[in-house]
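Novice: Position in the sequence shown (first residue = 1) + 1105 = our numbering.
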Amino acid sequence: MKAIALIPRKPGSLFLGELPAPELDDVPDGRGVLVRVLRVGLCGTDREIQAGEYGAPPLGCDFLVLGHESLGVVERVGTMVTELMPGDHVVARVRRPGTSLYDAIGMQDMSTDDEYQEHGINLLHGFFTEQYVDVPEFLTKIPAGIREIAVLTEPMTVVEKGVTQAFEIQQRLRIWNPKIAAVMGAGTIGLMATLLLRLRGVDVVTLALDEKPYLNSDLVEALGARYLSTRNMSLTEAAAAHGPFDLIFEATGFSPLVFEAMQALGKNGVLVMASVTGGDRTVEVPADAINMGFVLGNKVAVGTVNAAPAHYRAAVQDMTLAEALYPGWLSRLLTHPVRGLDNYKQAFDLLNGREPVIKAYIDVAPLN
Ligand code: BGC
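(1) Near residue 1252, what residues of its chain come up, given a Cβ to Cβ distance below 7 Å and the 5 sequence neighbours on each side ignored?
(2) Beta carbon of residue 1398, beta carbon of residue 1378: below 8 Å?
(3) Grab the span of the alpha helix (DSSP H) containing residue 1301 for me, first residue to last.
(4) Can you determine whether any heavy atom of ligand 1 sits closer than 7 Å to the C-beta of residue 1373, and answer yes or no?
(5) Could you tell me which of 1135, 1177, 1319 and 1461 sits nearest to residue 1237, measuring between CA atoms?
(6) When we look at the beta-carbon of residue 1206 and count the other beta-carbons within 10 Å, is it buried (16 or more) or exposed?
(7) Between the Cα of residue 1249 and those of 1443, 1145, 1421 and 1462, spot the shortest distance and give me the residue it belongs to.
(8) Expressed to the nearest angstrom, what Euclidean distance is found between the alpha-carbon atoms of residue 1244 and residue 1201?
(9) For the putative contact between residue 1139 and residue 1180, defined by C-beta atoms under 8 Å, what is the C-beta separation to the nearest angstrom?
(10) What's the C-alpha gap between residue 1216 and residue 1222?
(11) Leaving out the 5 sequence neighbours to the left and right, which residues in its chain are closer than 6 Å to residue 1317 when beta-carbon positions are compared?
(12) Residue 1390 to residue 1363, Cα distance in whole Å?
(13) Should residue 1148 be labelled buried (16 or more other beta-carbon atoms within 10 Å of its own) or exposed?
(14) Which residue's Cα is closest to the Cα of residue 1226: 1375, 1163, 1414 and 1451?
(15) Ligand 1 and residue 1475: does the residue's C-beta get closer than 7 Å to at least one heavy atom of that ligand?
(16) I'd like to know whether the C-beta atoms of residue 1263 and residue 1283 end up nearer to each other than 8 Å.
(17) Going by C-alpha distance, which of 1373, 1123, 1330 and 1211 is nearest residue 1279?
(18) Mind listing, in chain order, the continuous beta strand (DSSP E) runs of no fewer than 3 residues lying wholly within the region 1199-1286?
(19) Considering only their Cβ atoms, is the gap separating residue 1419 from residue 1211 smaller than 8 Å?
(20) Rank 1257, 1466 and 1106 by C-alpha distance to the C-alpha of residue 1449 and give the top, closest one.
(21) Less than 6 Å between C-beta atoms, sequence neighbours within five positions excluded: which residues of the same chain meet that for residue 1352?
(22) Smallest Cα separation from residue 1328: which of 1383, 1433 and 1455?
(23) For residue 1175, report the span of its beta strand (DSSP E) as first-last.
(24) Any contact of the region 1402-1412 with the region 1427-1446, i.e. 3+ C-beta pairs under 8 Å?
(25) Go ahead and label residue 1303 buried or exposed: buried means 16 or more other beta carbons lie within 10 angstroms of its beta carbon, across all protein chains shown.
(26) Would you identify the three-state DSSP class for residue 1408, choosing helix, strand or coil?
(27) By alpha-carbon positions, which one of 1326, 1322, 1350 and 1314 ends up nearest to residue 1358?
(28) Report yes if the CB atom of residue 1354 is closer than 8 Å to the CB atom of residue 1310, and no otherwise.
(29) At 4 residues or longer, and completely inside the region 1362-1439: list those alpha helix (DSSP H) runs for me, N to C.
(30) Can you grab the Cα-Cα spacing for the pair residue 1117 / residue 1453, in whole Å?
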């Protein structure tokens, strides 16, 4: 079967390869689930892997099959599988348990291992292929009503985890009731963070580079949030005009902005850092002022990566809720479909091109 792969850390090595088809018995004890891949999304992490900045192949292999934002349909199940049936739509979780205590209790998103295993990213092949076999424990069932948008589940889990962590951390304040948040970045993650915060009843100001109107600013405003271009107003100015921000969600992929966010954050506020930045950028920061603001303002900054099973369940629930409250909004993120694995170059070119892309994805097989 076909698979889109590359040699990690080697820019320009993307290729369409051939892999042996998986067998149900690849998973022991009748617990295998054979899944046909239907649709796989691309994101900034794929861009970084493609640029040679991130990622590693499975042990003993010199290539890595890409793709971690998957949607598939169950084709066959082993004799001991009761959780899923053929015809069920599923999304596979990305990170697999390692050896730390957190991995042992199902919180591999919080692993303290030096190395973690993530499908399509680090040490495990991904889903840009035709079929895979997994155990039901790592598959999240997708209700029929959100099938068309379910390729967005994995990025939504990242946002779910970040926002949930922020709310959990803020329990330290006993009565925290966030009124206004800033989201930095209006790509898929920034837009989904805006959505989730609106679903939680928070007012949101979303900041990104481009001036409105364009699709991303329309999407922000369709949620009743405010869109600001950083060409006209910096985050610091936005905090003075619309803040103080109880929460800032950073999702621009541009790490220097984290330090501006630290300063713009309101007292008792929480900053969620969600950008994976594989580069080696350095920047000079007003260290005393930032430190003083954190100390005297009881602020928190938290990094967030990946997601636990509960975040997958929450993502499915919130996407279902979003379909009820903002019908069609999530499908407007699916801007760039590419048909078939054979057209992989076209899909990956979209990641690096000038065309504004919210979500590019490959339709590996027909959805219905
Ligand atoms: C993925 C996460 C992953 C992270 C770091 C993100 O693009 O969505 O699942 O944990 O990259 O590798």
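No residue lacks a Cβ here, since even glycine has one placed at the ideal position from N, Cα and C.
All figures in this text were calculated on a predicted structure; none of them were measured in a lab.
Specialist: In brief:
(1) 1194 and 1472
(2) no
(3) 1293-1304
(4) no
(5) 1177
(6) exposed
(7) 1421
(8) 11 Å
(9) 5 Å
(10) 10 Å
(11) 1332
(12) 10 Å
(13) buried
(14) 1163
(15) With the chain covering only 1106 through 1473, there is no way to say anything about residue 1475.
(16) no
(17) 1373
(18) 1222-1224, 1236-1239 and 1244-1247
(19) no
(20) 1466
(21) 1271, 1283, 1286 and 1375
(22) 1433
(23) 1174-1182
(24) no
(25) buried
(26) strand
(27) 1314
(28) no
(29) 1392-1402 and 1414-1430
(30) 11 Å
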